[in-house]
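The structure under discussion appears below in the form of structure tokens.
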Amino acid sequence: MKKIMMPYLLAYFFLFVSYFLVSFIMAVLLSFMHISSFVYNILLIIMNYFLLSVFTLFFFKNVKEKPWIHGLIFPFIYLIIQIIFHFQEFKFTLLLKPLWLLILYFLLLYIKKKQQ
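If you count the sequence shown from 1, you need to add 7 to reach the working numbering.
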């Protein structure tokens with residue numbers, strides 16, 4: 008059980024810590040540089056998708072057995088976490104990030120299969 012859960016725990020811990028670092032950096036930028044809210048939101052979106060891409064790559068490198076099953080469970084867990092945090096303000100755009108994770112994960116899996 009520990010062997011199965013470890014990639015998930017490591018990947019989500021990485022995402023959690025990196026979101027805190029980005030939030031801290033963005034808070035410092037917003038308070039000292041007084042950037043506009045439009046630029047702030049664009050930077051947040053870019054950093055978010057970049058971190059999600061690194062998060063997916065990190066998870067992909069740690070999964071050794073049954074990558075197809077893990078590839079389906081991985082974005083589903085992220086979707087559940089997003090719905091829990093955004094329950095009051097649910098938008099269909101929340102579905103884009105787990106879809107991005109799913110597409111990126113299976114693209115990496117396809118590239119790995121092609122190289123073998």
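All C-beta atoms, glycine included, are put in the ideal place defined by N, C-alpha and C. Because the structure is a prediction, the values reported are computed rather than measured.
Going by DSSP in three states, histidine 77 sits in which element: helix, strand or coil?
It is helical.
Look up serine 43 in the DSSP assignment and say whether it is helix, strand or coil.
Serine 43 falls in the coil class under three-state DSSP.
Let me confirm a value: histidine 93 is counted as buried when at least 16 other C-beta atoms fall within 10 Å, else exposed. Which label applies?
Result: exposed.
Alpha carbon to alpha carbon, how far is leucine 58 from phenylalanine 113?
Rounded to whole angstroms, leucine 58 to phenylalanine 113 spans 17 angstroms at the Cα level.
Straight-line gap, glutamine 95 to threonine 63 (C-alpha atoms, nearest Å)
So the two alpha carbons sit approximately 27 angstroms from each other.
On the DSSP letters alone, give me the boundaries of the alpha helix (DSSP H) that phenylalanine 94 sits inside.
For phenylalanine 94, there is no enclosing alpha helix (DSSP H), as DSSP marks it with neither H nor E.
Burial state of leucine 16, where buried means 16 or more other Cβ atoms lie within 10 Å:
Around the beta carbon of leucine 16, fewer than 16 other beta carbons sit within 10 angstroms, so the residue counts as exposed.
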